[in-house]
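*Asks:* Each number in this note's numbering corresponds to the 1-based position in the sequence shown with 11 added.
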Amino acid sequence: MKATRNDGQPRQAEVYIHHKEGHRVPVRVYIRPLRTSTGKIEGVVQSFVDITDKLAALEQARKLQDLAYLDGLTGIANRRFLEQTLEARLNEAGRYGWALGVIMMDIDHFKAVNDTYGHEAGDRVLQMVARTLRGATRSYDLVGRWGGEEFLAILTSTPLSTCFFELHQSSQVEALVLGDVTRVVSL
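1) Locate the alpha helix (DSSP H) running through ARG145, then write down its first and last residues.
2) Nearest-angstrom Cα distance between VAL192 and LEU69?
3) What does a CB cutoff of less than 8 Å around THR63 pick up in its chain, not counting 5 residues either side in sequence?
4) Which residue comes first and which comes last in the beta strand (DSSP E) that contains LEU93?
5) If you draw a straight line from the C-alpha of PHE59 to the C-alpha of GLU103, how long is it?
6) Roughly how many angstroms lie between the CA atoms of LYS31 and LEU66, to the nearest whole one?
7) For THR85, which residues of its own chain have a beta-carbon under 7 Å away from its beta-carbon, when the five flanking residues on both sides are left out?
8) Please classify MET116: is it buried, with 16 or more other beta-carbons within 10 angstroms of its beta-carbon, or exposed?
9) Would GLN23 and TYR41 be called neighbours here (beta carbons separated by less than 7 Å)?
10) Distance, Cα to Cα, ARG145 vs TYR80?
11) Quick one: which unbroken beta strand (DSSP E) runs of 3-plus residues sit fully inside the stretch 16-73? Chain order, please.
12) For GLU160, collect the residues of the same chain with a Cβ closer than 6 Å to its Cβ; drop the 5 residues on either side in sequence, then sort them by chain order.
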């Protein structure tokens with residue numbers, strides 16, 4: 012308010028105000044100068060617009076985007092998002108001459124895990140592999156579930172030799188306790 016009163020510039024911001032019942036309400040506040048007939052600023056006018064519905068719609072859109080692009084079991088990129096990203100990265104690599112690494116992986120003997128320990132154990136293995144791969148890659152790389160027990164990593168600006176190193180680092184994922192047995196999951 013003070014800044015608008017000093018310089019005459021209108022402003023807006025999204026803030027939370029406290030409702031009389033104690034909860035917070037998201038609002039957009041608009042601040043405009045109030046001028047005399049000669050143009051001198053004699054005060055400011057504030058107006059508030061409740062944006063609860065807008066924020067709820069944005070959150071719903073984010074959830075829908077997650078459903079469209081994330082694998083529901085593992086929380087990493089799904090095949091659709093991988094395909095779109097891979098196409099874009101291949102175009103960029105061709106246009107700019109950038110190195111691009113693409114690694115396709117699958118879990119060794121995954122069917123045996125499902126057959127022996129059940130699908131719940133298989134789901135835990137998939138989730139563990141997803142966490143491990145996500146943790147083993149850089150923030151600007153993309154790891155996703157291609158389908159079943161197959162995973163794809165898109166490594167931006169990565170030469171072939173580095174891809175092999177990355178693959179070796181992730182090939183022995185970790186030990187997982189399945190019932191009375193501990194198994195090392197490998198890719």
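Don't be surprised by glycine CBs; every beta carbon is placed ideally from N, CA and C.
*Replies:* A quick look at the data gives this:
1) Within the sequence shown, numbered from 1, the residue matching residue 145 stands at position 134. Taken as a continuous stretch (DSSP letters only), the alpha helix (DSSP H) holding ARG145 covers 130-147.
2) Translated into the one-based positions of the sequence shown, residue 192 becomes position 181. Translated into the one-based positions of the sequence shown, residue 69 becomes position 58. Summary for VAL192: the model assigns pLDDT 49, below 50, so the residue's position carries little reliability; its value from the coordinates is reported in the next sentence. Going from the Cα of VAL192 to the Cα of LEU69 covers about 45 Å.
3) In the sequence shown, counting from the first residue as 1, residue 63 sits at position 52. Contacts found: VAL36 and PRO37.
4) Taking the sequence shown and counting its residues from 1, the one referred to as residue 93 is at position 82. It is not in any beta strand (DSSP E) - LEU93 instead sits in the alpha helix (DSSP H) that spans 90-107.
5) Translated into the one-based positions of the sequence shown, residue 59 becomes position 48. Translated into the one-based positions of the sequence shown, residue 103 becomes position 92. When rounded, the distance between both Cα atoms is 45 Å.
6) Walking along the sequence shown from the start, residue 31 turns up at place 20. Walking along the sequence shown from the start, residue 66 turns up at place 55. Answer to the nearest angstrom: the Cα atoms are 21 Å apart.
7) Taking the first residue of the sequence shown as position 1, residue 85 is located at position 74. The residues are LEU137, GLN138, ALA141 and ARG156.
8) Translated into positions along the sequence shown, residue 116 becomes position 105. With 16 or more Cβ atoms within 10 Å of its Cβ, MET116 is classed as buried.
9) Start at 1 with the first residue of the sequence shown, and residue 23 comes out as number 12. Start at 1 with the first residue of the sequence shown, and residue 41 comes out as number 30. Yes.
10) Taking the first residue of the sequence shown as position 1, residue 145 is located at position 134. Taking the first residue of the sequence shown as position 1, residue 80 is located at position 69. If you take the alpha carbons of ARG145 and TYR80, they lie about 16 Å apart.
11) 22-29, 35-46 and 52-61
12) Sequence index remark: in the sequence shown, residue 160 carries index 149 (1-based). Within the same chain, GLU160 has close Cβ partners ASP117, ILE118 and PHE121.
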